[in-house]
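Number of protein chains: 2
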Amino acid sequence: MNDSNKMKYLRACRGESMDTPPVWLMRQAGRYLEEYRNVRAKNKFLDICNIPELACEVTLQPIRRFGFDASILFSDILVPLVPMGANLTFGEGEGPKIDPPIRSVDDIRKLKKIEPRESLDFVLEAIRMIRRELPDDVALIGFTGAPFTLATYLIEGGKPNPFAHIKQLMYTEPEAFNDLLIKLQEMITDYLRAMIEAGADALQVFDTWGGILDNRDFRAVNLPVVKKIFAGLADLNVPTTYFVHNNAHLISEVKETGCTVAGFDWRCSLKEARKIMGKNIAVQGNLDPTVLLGGESAIRNAVRNTLSDASGPGGHIFNLGHGILPMTPVESVEIMLDEIRGGKK
Amino acid sequence: MNDSNKMKYLRACRGESMDTPPVWLMRQAGRYLEEYRNVRAKNKFLDICNIPELACEVTLQPIRRFGFDASILFSDILVPLVPMGANLTFGEGEGPKIDPPIRSVDDIRKLKKIEPRESLDFVLEAIRMIRRELPDDVALIGFTGAPFTLATYLIEGGKPNPFAHIKQLMYTEPEAFNDLLIKLQEMITDYLRAMIEAGADALQVFDTWGGILDNRDFRAVNLPVVKKIFAGLADLNVPTTYFVHNNAHLISEVKETGCTVAGFDWRCSLKEARKIMGKNIAVQGNLDPTVLLGGESAIRNAVRNTLSDASGPGGHIFNLGHGILPMTPVESVEIMLDEIRGGKK
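Heads up: the sequence lines are chains W and A, in that order.
The letter at position 305 of the first sequence is residue 716 when you use the numbering used here, and the numbering goes up by one with no holes.
The letter at position 108 of the second sequence is residue 519 when you use the numbering used here, and the numbering goes up by one with no holes.
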């Protein structure tokens, strides 16, 4: 066990308000870093996810360079779908592809129940390696996709446009659709628990597509399964973050999930979100990632706005409101960190 | 002049609350209709926009089939960028392309000021033809894109992903960026006025990408130019609708634009929106377009929810919360209309 009091990230997740909040970035291990591009030039994307040494190396890269307060396992939310039976590929320059997609009640039934400690041990091994290598004061976050988001990829067969297949199945076969979400929720809960056993300090659930649902559908279809995940993790007593992209219309719903940290999209007012969450749920976010393309004064200004919006009682973890963009200059991240860590003096 | 009291659409826009609201659909002339696909099979997309007889024909198709209460000119928001100097093409199966894109202060300066009554007369001629052909009780809506949305296409060179170029220019060259927005705003205001002169009964401004901005940036950059458009149309005394896609975080800002009708994304709570708009701004929307892929009971149920959310004092124009999807079955539209028009009896 690591001494969690050493970790600023964990303290903020537990509600401690700080002058200088802990910071990490979604997709912080990625193409904007030369050292990542070097690894990627010699390896396929899925191989970096599948080979613990490579996953460990790229996870550590941004920690070495920027001294972030938390690292996040390098993996992909679609990785656990492979042992469940999905034929997943990543073409060069394309998004993920699942071929054949899952479209029928029968397809759903055929998805395998997995034992993540066996079929996903390579991920757990990466976690064990990363935890050994990380400085004591840097937290390690394990993560998965949320059931609705994973279902979207399975049913659409890749990046969804325009969500026609998933909505069709959701509306016309509600029971089968719910069975699929439950199947995914059980896998996710078990997989996240295994990540903590392997040494992760905290967990995050990414609901990339949850925000396409209006409040009614979100409450009816998505909220119950997300609640089950967090209820199934509660006894672990570790921070659990829920991030829905495009969640400005779902702030109250996010509060009800049972997460201990709520991540917000850059468009969401963090001031408003903070008010609704209360001091018992920490907030994470939410600098617009495109601000990092905008030059020093725009960056410093936006960081100050974010810090000011998040101020008040309760924890705040500084992050972007979405993943860092591949074309982001490294200097922009340095300016951002300088403003977070020193600019307020 | 048409007798506007005959037109249910105009009465709702002016605030009249009705048991059965008027209805039209964004992209109602489009690929989900066999008669449209027949025209499209023999003509390029831009030719249908450019040849008044073709634009007139496809505009009327959904009116003939469904008896919608309003028709919307068949055109594309990018059409007026062509006489301004943009090299616009639509590849088969691809989105729009503007090549070369507008990326520098100099590029912005070179964009031409146009006289829409000359260089866009083919659009105005289509409006004149459509108005002659339309039944007296069906309103004709003219439209444009909003300045920020047109600027996005110009700068990104097509469909934006991930908005890197526009945000870079917006943050690093704020004055030049504002000049571009003003240039577009002046063109838009003049073009919309010319549409009313040609016979349109109402106007709509589409801000497809305005919702990528957070509240602060929207207020600083976008709101002032959108306000100028509506202020510049006020003396015409016609309904003016503002639709921002992804606007759940911008409800108060929409209210401040000066539009007389506010269109909402399907994710936005219409109940909430209605409360904030008050009875002086009519609301338009906002059925999730994917519901029309979902079978009869899902459709009827969602229509009832929309009608119930929109009930109360003030006008409501029934519409989708985004454009109708190409794979939508025609029968789904019929079920939707039946529920709107008769289901409440």
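C-beta: ideal position from N, C-alpha, C; glycine also.
Keep in mind that this is a model prediction, so the values were computed, not measured.
Please classify Asp547 (chain W) as buried or exposed, where buried requires at least 16 neighbouring CB atoms within 10 angstroms. Locating residue 547 (chain W) in the first sequence gives position 136, counting from the first residue. Around the beta carbon of Asp547 (chain W), a 10 Å sphere encloses fewer than 16 other beta carbons of the protein chains shown; the residue is thus reported as exposed.
Buried or exposed for Ala713 (chain A), going by 16 or more other Cβ atoms inside 10 Å? Your numbering for residue 713 (chain A) matches position 302 in the second sequence. Buried, because 16 or more other Cβ atoms sit within 10 Å of the Cβ of Ala713 (chain A).
Within chain A, partners of Ser680 (chain W) - CB distance below 8 Å: Position 269 of the first sequence, counted from the start, is the residue given in the question as residue 680 (chain W). Residues of chain A passing the Cβ test: Asp625, Asn626 and His660.
Could you tell me which chain A residues have their CB closer than 9 Å to the CB of Asp699 (chain W), listed as they occur along the chain? Translated into the one-based positions of the first sequence, residue 699 (chain W) becomes position 288. Per Cβ cutoff of 9 Å: Lys578, Ile623, Leu624, Asp625 and Asp628.
Could you work out which residue in A:Phe479, A:Leu465 and A:Lys455 is closest to Gly502 (chain A) when comparing CA atoms only? As a position in the second sequence, residue 502 (chain A) is number 91, starting the count at 1. A check of alpha carbon separations from Gly502 (chain A) across A:Phe479, A:Leu465 and A:Lys455 identifies A:Lys455 as the nearest.
Using 8 Å as the limit for Cβ to Cβ distance, is Phe574 (chain W) near chain A? Counting from one through the first sequence, the residue named residue 574 (chain W) turns up at place 163. So yes, Phe574 (chain W) belongs to the interface.
Residues of its chain near Ala611 (chain A), where Cβ-Cβ distance is below 6 Å and the 5 sequence neighbours each way are ignored: The residue given as residue 611 (chain A) occupies position 200 in the second sequence. The residues are Ile538, Leu551 and Gly553.
Straight-line CA distance for Ala557 (chain W) to Phe641 (chain W)? For this step, residue 557 (chain W) is matched to residue 146 along the first sequence. For this step, residue 641 (chain W) is matched to residue 230 along the first sequence. If I take the Cα positions, the gap works out to 11 Å.
Tell me the start and end of each unbroken beta strand (DSSP E) in the region 528-613 of chain W that is at least 3 residues and wholly inside, in chain order. For the region 528-613 of chain W, whole beta strand (DSSP E) runs of length 3 or above, ordered along the chain, are 550-556.
Measure the C-alpha to C-alpha separation of Asn449 (chain A) and Pro573 (chain W) and round it to an integer number of angstroms. Taking the first residue of the second sequence as 1, we reach residue 449 (chain A) at position 38. Taking the first residue of the first sequence as 1, we reach residue 573 (chain W) at position 162. Distance between the alpha carbons of Asn449 (chain A) and Pro573 (chain W) is about 23 Å.
Using the C-alpha atoms, what's the distance from Val694 (chain W) back to Lys756 (chain W)? Stepping through the first sequence from its first residue, residue 756 (chain W) is reached at position 345. Stepping through the first sequence from its first residue, residue 694 (chain W) is reached at position 283. Reliability of the predicted coordinates at Lys756 (chain W) is poor, the pLDDT of 43 falling under 50, and no value is obtained from them.
Would you call the region 600-608 of chain W in contact with the region 492-502 of chain W, where contact means no fewer than 3 C-beta pairs closer than 8 Å? Three or more Cβ pairs closer than 8 Å define a contact, and the region 600-608 of chain W falls short of that threshold against the region 492-502 of chain W.
Please identify the residue among A:Lys417, A:Val616, A:Arg543 and A:Pro433 whose C-alpha is closest to the C-alpha of Ile728 (chain A). The count along the second sequence starts at 1 and reaches residue 728 (chain A) at position 317. Of the candidates A:Lys417, A:Val616, A:Arg543 and A:Pro433, the one whose C-alpha sits nearest the C-alpha of Ile728 (chain A) is A:Pro433.
Measuring alpha carbon to alpha carbon, tell me which of A:Arg520, A:Gly569, A:Arg627 and A:Asn626 ends up nearest Phe588 (chain A). Here the question's residue 588 (chain A) lines up with position 177 in the second sequence. Checked all of A:Arg520, A:Gly569, A:Arg627 and A:Asn626; the closest Cα to Phe588 (chain A) is A:Arg520.
Could you tell me which whole beta strand (DSSP E) segments of length 3 or greater appear in the region 453-536 of chain W? You should have 481-483, 499-501 and 507-509.
Along the region 734-748 of chain A, where does the CB come closer than 8 Å to a CB of chain W? Name the residues. Those would be Leu736 and Met738, in chain order.
Give me the Cβ distance between Arg630 (chain W) and Glu664 (chain W), rounded to the nearest whole Å; I'm assuming they're in contact under 8 Å. Counting from 1 along the first sequence, the entry for residue 630 (chain W) is found at position 219. Counting from 1 along the first sequence, the entry for residue 664 (chain W) is found at position 253. That pair is a contact at about 6 Å.
Out of curiosity, what's the CA-to-CA distance linking Ile459 (chain A) and Leu484 (chain A)? The residue labelled residue 459 (chain A) in the question sits at position 48 within the second sequence. The residue labelled residue 484 (chain A) in the question sits at position 73 within the second sequence. In this structure, the CA atom of Ile459 (chain A) is about 11 Å from the CA atom of Leu484 (chain A).
Using a Cβ-Cβ cutoff of 8 Å, what residues of the region 552-568 of chain A are near chain W? List them in chain order. If the cut-off is 8 Å between Cβ atoms, the region 552-568 of chain A has nothing near chain W.
Same chain, Cβ closer than 6 Å to Phe654 (chain A), neighbours up to 5 away in sequence not counted: By one-based count along the second sequence, residue 654 (chain A) stands at place 243. Take Phe654 (chain A), set aside five residues on each side of it, and the residues of its chain with a beta-carbon closer than 6 Å to its own are Phe617 and Gly674, in chain order.
Hey, quick one: how far does the beta strand (DSSP E) through Ala721 (chain A) stretch, first residue to last? The residue labelled residue 721 (chain A) in the question sits at position 310 within the second sequence. Careful: Ala721 (chain A) lies outside any beta strand (DSSP E), inside the alpha helix (DSSP H) at Glu707 to Ala721.
Given that Gly705 (chain A) touches chain W, what residues does it touch there, using C-beta distances under 7 Å? Locating residue 705 (chain A) in the second sequence gives position 294, counting from the first residue. From the beta-carbon of Gly705 (chain A), the residues of chain W found nearer than 7 Å are Lys578, Gln579, Tyr582 and Thr583.
Tell me, please, whether the CB atom of Asn589 (chain W) is closer than 8 Å to any CB atom in chain A? Sequence index remark: in the first sequence, residue 589 (chain W) carries index 178 (1-based). Taking 8 Å as the threshold, the shortest C-beta distance from Asn589 (chain W) to chain A does not fall below it.
Expressed to the nearest angstrom, what Euclidean distance is found between the alpha-carbon atoms of Ser722 (chain W) and Asp430 (chain W)? As a position in the first sequence, residue 722 (chain W) is number 311, starting the count at 1. As a position in the first sequence, residue 430 (chain W) is number 19, starting the count at 1. If you take the alpha carbons of Ser722 (chain W) and Asp430 (chain W), they lie about 9 Å apart.
With 8 Å as the C-beta to C-beta threshold (strictly closer), list the residues of the region 413-432 of chain W near chain A in chain order. For the region 413-432 of chain W, which is checked against every Cβ of chain A, not one residue is closer than 8 Å.
Who are the neighbours of Val702 (chain W) on chain A, taking C-beta pairs under 7 Å? In the first sequence, the residue the question calls residue 702 (chain W) occupies position 291. Residues of chain A whose Cβ lies closer than 7 Å to the Cβ of Val702 (chain W) are, in chain order, Tyr582.
Helix, strand or coil at Asp749 (chain W) [DSSP, three-state]: For the purposes of this step, residue 749 (chain W) is taken as residue 338 along the first sequence, with counting starting at 1. For Asp749 (chain W), the secondary structure class from DSSP, reduced to helix, strand or coil, is helix.
Identify which residue in W:Lys523, W:Glu529, W:Val549 and W:Glu505 has its Cα closest to the Cα of Lys419 (chain W). The count along the first sequence starts at 1 and reaches residue 419 (chain W) at position 8. Selection W:Lys523, W:Glu529, W:Val549 and W:Glu505 evaluated against Lys419 (chain W) yields W:Val549 as nearest (Cα-Cα).
Can you check whether the C-beta of Ala684 (chain A) is within less than 8 Å of a C-beta belonging to chain W? Mapped onto the second sequence, residue 684 (chain A) falls at position 273. No, Ala684 (chain A) does not count as interfacial toward chain W.
Just to check my reading of the structure: Glu567 (chain A) and Pro494 (chain A) have Cβ atoms closer than 8 Å, yes? What is that Cβ distance to the nearest angstrom? On the second sequence, position 156 is the one that residue 567 (chain A) refers to. On the second sequence, position 83 is the one that residue 494 (chain A) refers to. Not confirmed; about 20 Å, so no contact.
Helix, strand or coil, according to DSSP, for Gly441 (chain W) in the structure here? Position 30 of the first sequence, counting from 1, holds the residue named residue 441 (chain W). Assigned with DSSP and collapsed to three states, Gly441 (chain W) falls in coil, not helix or strand.
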